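Enquirer: Here's a structure for you.
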Amino acid sequence: MFHFFVSQDNISSDTVTITGSDVNHIKNVLRMKTGEKFIANDGNGASYCCKISEITDEMITAEIDEGQLQSNELPVKLVLFQGLPKADKMELIIQKAVELGVNEIVPVEMNRCVVKLDEKKKKSKIARWQSISESAAKQSGRTIIPTVCDVMKYGDALKKASEYDIVLVPYECADGVKALQEKLDTVESGMTIGIFIGPEGGFEEYEIEKAEKNGGQIVSLGKRILRTETASIAALSICMYSIEAKELI
Ligand code: SAH
651 MFHFFVSQDN
661 ISSDTVTITG
671 SDVNHIKNVL
681 RMKTGEKFIA
691 NDGNGASYCC
701 KISEITDEMI
711 TAEIDEGQLQ
721 SNELPVKLVL
731 FQGLPKADKM
741 ELIIQKAVEL
751 GVNEIVPVEM
761 NRCVVKLDEK
771 KKKSKIARWQ
781 SISESAAKQS
791 GRTIIPTVCD
801 VMKYGDALKK
811 ASEYDIVLVP
821 YECADGVKAL
831 QEKLDTVESG
841 MTIGIFIGPE
851 GGFEEYEIEK
861 AEKNGGQIVS
871 LGKRILRTET
881 ASIAALSICM
891 YSIEAKELI
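First residue of the sequence shown: 651, per this note's numbering; consecutive thereafter.
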């Protein structure tokens, strides 16, 4: 079924109206007719199944068919702070992170990052990464498009995360996975959780100390050393599973 983003002002208790460029798209490109159905997303995680009742040149009117659909979004915000990896790894990480329910991805310059992007390259990379997020969001049925932020320095990233409820810093030298589980047991609806993953070369020891000073929880993802892309996917999978299993609303 086709999905359209509709502003909240155009959604009432039983009707959705579509105005602007989507009208031409629905009427003349998709050639949809009255009685056909589509999904309206309000951009904030709510979505509605709608049945078209009227088509004019300016407006599509549709009745909300089944009330609000159950949201596919997690009840918490997951923000991935990813140490800039080499080559195409970031693309893979973004795609998988979006599939797993991430809300925001922040590429971070860390001391052991091999890749150094100049300003021009940063801009084009972010645009490319954002488009990967958008395709992954559509493919995986997300009702929001996760943002890929501008590349940040490590200190700035820690500062941004200092306002979050939980900041996890997976580190291969940490002992035991219990600390991670215990931390995830405290998760409540509406929280924001930051996850810091080092680049291929890992974190410097002083970066770990700095994260701890800023309220970061140093945690293990198991006894084996994971590649940076595996670590991000594993950390997000663990969080997603643990949060969904709690069935928070
Ligand atoms: N410097 C390391 C590898 C770094 S792996 C080495 O070559 O030996 C890249 C990142 O993945 C790490 O910075 C860490 O954030 C994460 N990571 C990898 N394995 C991990 C594990 N077992 N537990 C927690 N984090 C891990």
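Heads up, the beta-carbon is just placed ideally off N, CA and C, and yes, glycines get one too.
Note that the structure is predicted; figures quoted are calculated from it, not measured.
Quick one, which of Ile676, Lys896, Ile743 has its alpha-carbon nearest glycine 848's?
Expert: Residue Ile743 is the option with its Cα nearest to glycine 848.
Enquirer: Of the residues Val756, Ser697, Ala861, which one's Cα is nearest the Cα of asparagine 660?
Expert: Closest option to asparagine 660, Cα to Cα, is Ser697.
Enquirer: Relative to the C-alpha of glutamate 901, which candidate in Glu723, Glu749, His675, Val666 has its C-alpha closest?
Expert: Here the chain covers residues 651 to 899 and nothing more, so residue 901 does not appear.
Enquirer: Between the stretch 752-766 and the stretch 726-739, can you find at least three pairs of beta-carbon atoms closer than 8 Å?
Expert: Taking 8 Å as the limit for Cβ pairs, the verdict is that the stretch 752-766 does touch the stretch 726-739.
Enquirer: Please state whether DSSP places asparagine 691 in a helix, a strand or coil.
Expert: Residue state, collapsed to three classes: strand.
Enquirer: Use the C-beta contact count for asparagine 691: other C-beta atoms within 10 angstroms, 16 or more gives buried, fewer gives exposed.
Expert: The residue is buried, with at least 16 neighbouring Cβ atoms inside 10 Å.
Enquirer: Consult DSSP for isoleucine 795 and reduce its assignment to one of helix, strand or coil.
Expert: Coil.
Enquirer: Whole beta strand (DSSP E) runs in the stretch 677-749 with 3 or more residues, listed along the chain?
Expert: 687-691, 697-705, 710-719, 727-733, all fully within the stretch 677-749.
Enquirer: Alpha carbon to alpha carbon, how far is cysteine 700 from alanine 712?
Expert: Their backbone Cα atoms lie some 6 Å apart in a straight line.
Enquirer: Should the stretch 820-830 be called in touch with the stretch 794-811, which here means at least 3 C-beta pairs below 8 Å?
Expert: The stretch 820-830, when compared against the stretch 794-811, does not touch it at the 8 Å Cβ threshold.
Enquirer: Suppose you measure from the CA of glycine 805 to the CA of lysine 771; what does that come to, to the nearest Å?
Expert: Going by the C-alpha atoms only, they are around 21 Å apart.
Enquirer: For proline 796 versus valine 756, is the C-beta spacing smaller than 8 Å?
Expert: No; because the gap between Cβ atoms is not below 8 Å, this pair is not in contact.
Enquirer: Considering only heavy atoms of the ligand SAH, does any lie closer than 7 Å to the CB of tyrosine 821?
Expert: Yes, the Cβ of tyrosine 821 comes within 7 Å of a heavy atom of the ligand SAH.
Enquirer: State the DSSP-derived secondary structure class of methionine 760, mapped to helix, strand or coil.
Expert: Of the three classes helix, strand and coil, the one that applies to methionine 760 here is coil, per DSSP.
Enquirer: Can you tell me where the alpha helix (DSSP H) holding valine 673 begins and where it ends?
Expert: Looking at the DSSP string, the run of the alpha helix (DSSP H) that includes valine 673 is 671-674.
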